[in-house]
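Asker: Read top to bottom, the protein sequences are chains G and F.
According to the numbering used here, numbering within the first sequence proceeds without interruption in unit steps and concludes at 115.
According to the numbering used here, numbering within the second sequence proceeds without interruption in unit steps and concludes at 114.
Idealized CB from N, CA, C, for every residue including glycine.
All values reported here derive from a predicted model rather than from experimental measurement.
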Amino acid sequence: KAGVTQTPRYLIKTRGQQVTLSCSPISGHRSVSWYQQTPGQGLQFLFEYFSETQRNKGNFPGRFSGRQFSNSRSEMNVSTLELGDSALYLCASSSGLAGALGTQYFGPGTRLTVL
Amino acid sequence: EDKVVQSPLSLVVHEGDTVTLNCSYEVTNFRSLLWYKQEKKAPTFLFMLTSSGIEKKSGRLSSILDKKELFSILNITATQTGDSAVYLCAVEALNTGTASKLTFGTGTRLQVTL
């Protein structure tokens, strides 16, 4: 079974630009969660999607948004980039049934650098 | 706000040593506690614990949960250099309605030297 894939793996943007990251979950998984990882803050939850609906959202500003498609693939968008958005963005998939996340499997991440 | 605290933040041991990593938590509507190992990029799953007092074991790694005292430990015996990584503890808790979210600790960085 193929693992979670994320594209692109690396991105360099400048302040004020916007960026879209993509995540393809493990086949059969309907839940996709997004996390931001920085050296100072560790892994922080952004949001979770299940069957095209956002089920949960972390404490991030509205510049961070996402969506999920009918094939469970998910995208995350960050608008008006700030220097502090430089981070490793990880997505994770799981079955997500009965509202539980259970065991999440992580993708390799997208390293975003904002200059 | 849900909180997960790991200790120590980092440690250096010699190959063959046994280490114990700690994770304490304060969450509302606990569902499960998970341990992950992160070497370079993607965290890889180690254990999921839902019941108190039942040890989960995989080779040289084992973990146990105490739901009364709100903590978990991860033990690694006969450490090897390949065990060098950041070990993350995460707690799943019911957040809104019937949906859960994971809160991660900041991790314990383990370095195993020859």
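1. On the DSSP bridge assignment, give the partners of G/Glu-75 in chain order.
2. Look at G/Leu-43 and G/Thr-110 and say whether their C-beta atoms are less than 7 Å apart.
3. If you drop the 5 nearest sequence neighbours on each side, which residues of the same chain put their C-beta closer than 7 Å to that of F/Ser-52?
4. Span of the beta strand (DSSP E) holding G/Leu-43?
5. Are the C-beta atoms of F/Phe-104 and some chain G residue less than 7 Å apart?
6. Between G/Thr-31 and G/Gly-58, what straight-line distance do the alpha-carbon atoms span, to the nearest angstrom?
7. Throw me the rounded Cβ distance for the G/Phe-45 and F/Lys-41 pair, which I believe falls under 8 Å.
8. Of all the residues that make up the segment 83 to 95 of chain F, which are near chain G by a beta-carbon distance shorter than 9 Å?
9. For F/Phe-30, would you say it is in contact with chain G, using Cβ-to-Cβ distances shorter than 7 Å as the test?
10. Would DSSP call F/Leu-114 helix, strand or coil?
11. Counting only the same chain and skipping the five closest in sequence on each side, list residues whose C-beta sits under 8 Å from that of G/Gln-18.
12. Starting from F/Lys-57, follow its DSSP beta bridges and name the residues at the other end.
13. Are any of the Cβ atoms in chain G nearer than 7 Å to that of F/Lys-41?
14. Just checking: is the beta-carbon of G/Phe-106 within a distance shorter than 7 Å of some beta-carbon in chain F?
15. Might you give, ordered along the chain, the residues of its own chain that have their beta carbon closer than 6 Å to the beta carbon of G/Ser-33, omitting 5 neighbours on each side?
16. Could you give the residue range of the beta strand (DSSP E) that holds F/Arg-31?
17. Between G/Arg-30 and chain F, is any beta-carbon pair separated by less than 7 Å?
18. Measure from the alpha carbon of F/Leu-94 to the alpha carbon of each residue in F/Leu-61, F/Thr-79 and F/Phe-30, then state which is nearest.
19. Spatial neighbours of F/Gln-38 within its chain, please: C-beta separation below 8 Å, excluding the five flanking residues on both sides.
20. Out of F/Thr-79, F/Leu-74 and F/Leu-9, state which residue places its alpha-carbon closest to the alpha-carbon of G/Arg-39.
21. Taking the alpha carbon of G/Ser-72 as the point to measure from, which residue in G/Thr-103, G/Gly-84, G/Ser-65 and G/His-29 has its own alpha carbon closest?
22. Helix, strand or coil for F/Thr-81 per DSSP?
23. Could you list which residues in chain F have their beta carbon closer than 8 Å to that of G/Asn-56, in chain order?
24. Are the C-beta atoms of F/Ala-71 and some chain G residue less than 7 Å apart?
Answerer: Short version:
1. G/Ser-22 and G/Arg-67
2. no
3. Leu-65, Asp-66, Lys-67 and Lys-68
4. 42 to 50
5. yes
6. Here the sequence assigns Ser to residue 31 of chain G, which means Thr is not the residue at that position. Answer to the nearest angstrom: the Cα atoms are 15 Å apart.
7. Incorrect: roughly 18 Å between the Cβ atoms, too far for contact.
8. Leu-88, Ala-90, Glu-92, Leu-94 and Asn-95
9. no
10. coil
11. Asn-77, Val-78, Ser-79, Thr-80 and Leu-81
12. F/Ser-62
13. yes
14. yes
15. Glu-48 and Ala-92
16. 30 to 38
17. Answer no: the Cβ-Cβ gap between G/Arg-30 and chain F never drops below 7 Å.
18. Checked all of F/Leu-61, F/Thr-79 and F/Phe-30; the closest Cα to F/Leu-94 is F/Phe-30.
19. Thr-44, Ala-85, Val-86, Tyr-87, Leu-88 and Gly-107
20. The residue asked about is misnamed: residue 39 of chain G is Pro in this sequence, not Arg. When only C-alpha atoms are compared, the closest one is F/Leu-9.
21. Of the candidates G/Thr-103, G/Gly-84, G/Ser-65 and G/His-29, the one whose C-alpha sits nearest the C-alpha of G/Ser-72 is G/His-29.
22. Under the three-state reduction of DSSP, F/Thr-81 is assigned to helix.
23. In chain order: Asn-95, Thr-96, Ala-99, Ser-100 and Lys-101.
24. Reading off the sequence shown, one finds Phe at residue 71 of chain F, where the question assumed Ala. So, not an interface residue.
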